[in-house]
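I have placed the structure first, in the form of structure tokens, so that the comments after it can refer back to it.
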Amino acid sequence: MKDRIIRLRLLDLWRSIFKCWYIRPSFYVFLLLTFYALFLSKVPVWAHTPLDVNTNEQGENSTGLHAIWHDKSGESDIYSARQAHELGEFRILETAGSTGLSAGVFWSHFTLRNRDSHPLTLNIEYVDHQLVGLQAFSRKAGSGDLFREVSNLSIYEPFTRRQVAHNRFVFPVTIAPEATQELMVRFDSGELGVVFPSLRIWSPQALQQNSKGETSLIAFLFGGYFLMAVFALVGAIAIKEKILYIYSFYCASKILVWGTVLGYTHQYLMTGSFHWGYGSLSGAVAIMAGLVFARTFLETRQYTPKLDFLLQLMLLNGAFLIGCVFLELKALSQISMIIALLCYPLIVPIAMIRWRQGENAAGVFALGWATLVLGLLVQAMRDLGYVVHNPVNYYWPPVASFVEMLAIMAAIGLMVQRLRLQKDRAEKKYLQQLEVSKIDLEELVQSRTRELEAAKARAELEARTDPLTGIHNRRSFFEESNLLLKLAQRKQIPLGILMMDIDRFKSINDCHGHLIGDQALCATARVIAQHVREVDVFGRIGGEEFALLVSADGPGTLAVAERIHEDIAKIMIKSALGPVQFTASIGVAQLQGERDVLELLQHADSALYRAKRTGRNRVLEYAVAEG
């Protein structure tokens, strides 16, 4: 039976997903491109020296991977590299194109041959973005001359100093007619990083045309992120929903991180100066924004508290990453980023748990997040050298991130729809209750039966009243409080709540007996009732705990709490062992957008717990940091 229910819920989930017309085609395209990126993409031919080139190079020829030397010290220059090459220390790169996460620098050696009868100028493009510096040296093959530096590129230099205006490192090479040019290229990823020694060869016109196509793709993605961020912000302002504010910021962080990682921030915004940490910093902001959004959307603090602790640890790791950037600890920042990306998939099973708990929107959220995780997996496999670098898997992570945001937008739509249906059902139920009450009232007036009316009143009183103190019991308190809370939310009325607990009540029972303890509870209820107005709700919610919901702002609520606190301390009860006096601890919380009284009461209970823990006999207000 349980398996059948799960299958039916899965079917409902997929129906919900594919009802969203803007998700369905994107999801199909996503699956096809993922399959292509991982399994069908062609492995480029990494040519050994010399490589024949011409004026029609379209970036299809790749070179640089056939002779690689790894200098772990990171201090080698062209003379050291030349000596290593003469000693035969250059080797073929055995991976699919990446050195993996390594320290030091890498050198590549290759030659280009121009068979034409006129000079040939080419643009040599580094295929990836994760690089701090690139130096290129050249000499005529077989001449025995010293290598001459033809390019020295660094992310720390102003963008205007680049020989070719491109978001990735590109340097020009000119080859004489019917000549062969020998090149040495130094790749520096900093203290610890990933290097793709592969270099693509372009004619200047073909590179410019390809750059326009890539920029158009990024402009489309960024435009989509921007529109989603704006729409979410407008919706948040209109309906005052916190989740939409967070989603809007999350969308904006996508523009920040992908613009920085892909090099467009350096090219168009921060052209004068740049820093390796900007990529890590923007990545940390995006990761933390995603975690905050996931915690809020999935309500993990309330429904999966143990797993929510893991998300809090991930947020701490994001903060640690930001600290590493400011302290210039690149190696630690790289490790922290890897940990963050490895932990990111944990959100998918958390979302599936929430879906199993009955939240259908969490299932769509899980699909969207899995899309992002798959995109990051493609990038990780490419960085580790298991998947060949190509334009599809290079741009696949930002595309997957875009699809993720579309899926999350659909999930938010489902959540809003659920909330609207719940509101409609609540209003309908409320109207039905009003109609029933009206009919009952008419019947009571018509029947003029005092006995029936009295019996009904006694039954209602017993059901809603605490038998010891005569005030609202727990169920009645929550019923009345939720009605008052809804009214306050509609009419923007401030609300505050007091959570009160008699200090060391158990010792009163143990020392003086339960009869004295009952008298203490009744006396406390009477004292508190003196401060209750008709618009307030007061009840005993369990043991020695009382709750009071007051229509007052923050200072007014605290003033009521202080008066009650002082009056309770004045209570004196006679017993066989002498007069009994006691104090109370009070936690106070103010309505800040909570959806129900239980959530508001939990905030007051948190303040009460802090009051107990810090010495009892005091009034403490809930602080937002406790949440």
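For the sequence shown, position 176 (counting from the first letter as 1) is numbered 176 according to my numbering, and the numbering increases by one without interruption. Beta carbons are placed, not taken as given, at the ideal position from N, Cα and C, and that holds for glycine. Since this is a predicted model, take the numbers as computed values, not measurements.
- Nearest to Val185 by C-alpha distance, out of Asp605, Arg148, Leu515, is Arg148.
- For Thr174, the enclosing beta strand (DSSP E) begins and ends at 170-175.
- Each of Gln302, Leu414, Glu182 was checked against the Cα of Gly363, and the nearest Cα belongs to Leu414.
- Taking the C-beta atoms as reference points, His603 is found no nearer than 8 Å to Phe538.
- Counting the other Cβ atoms within 10 Å of the Cβ of Thr63 gives 16 or more, which makes it buried.
- Out of Trp355, Ala529, Phe297, Gln209, the CA that lies nearest to the CA of Asn56 is found in Gln209.
- When rounded, the separation of the alpha-carbon atoms in Glu544 and Ile322 is 46 Å.
- Under the DSSP assignment, Thr121 falls in the beta strand (DSSP E) whose first and last residues are 120-126.
- Between the alpha carbons of Glu214 and Leu307 lies a distance of about 40 Å.
- For Thr63, the enclosing beta strand (DSSP E) begins and ends at 58-63.
- If you draw a straight line from the Cα of Ile516 to the Cα of Ser575, it comes to about 7 Å.
- The beta carbons of Ser253 and Val285 sit closer together than 8 Å.
- Across the structure, Leu120 and Ile339 are spaced so that their CA atoms are roughly 46 Å apart.
- The alpha-carbon of Met500 is positioned some 9 Å away from that of Ile564.
- The three-state reading of DSSP puts Ser401 in helix, counting H, G and I together.
- Per the Cβ contact rule, the stretch 190-209 is not in contact with the stretch 150-158 (fewer than 3 Cβ pairs under 8 Å).
- Relative to Val53, the option among Arg115, Ile78, Ala96 whose CA is nearest is Arg115.
- Under the rule that a run must span 4 or more residues, the alpha helix (DSSP H) segments found entirely inside the stretch 313-364 read 330-343, 347-356.
- Note that the stretch 391-399 does not touch the stretch 232-240; fewer than 3 beta-carbon pairs, one per stretch, sit closer than 8 Å.
- Here the alpha carbon of Asp536 sits roughly 37 Å from the alpha carbon of Gln312.
- If you look at Met499, you'll find it in the beta strand (DSSP E) that goes 496-502.
- For Ile568, the enclosing alpha helix (DSSP H) stretches over residues 554-569.
- Partner residues in the beta bridge of Leu199, as assigned by DSSP, are Thr63, Tyr126.
- Going by DSSP, Met288 is part of the alpha helix (DSSP H) stretching over 277-298.
- The residue from Asn123, Glu178, Asp145, Gly144 with its alpha-carbon nearest to that of Phe169 is Asn123.
- Counting along the chain, Arg113 sits inside the beta strand (DSSP E) bounded by residues 105-114.
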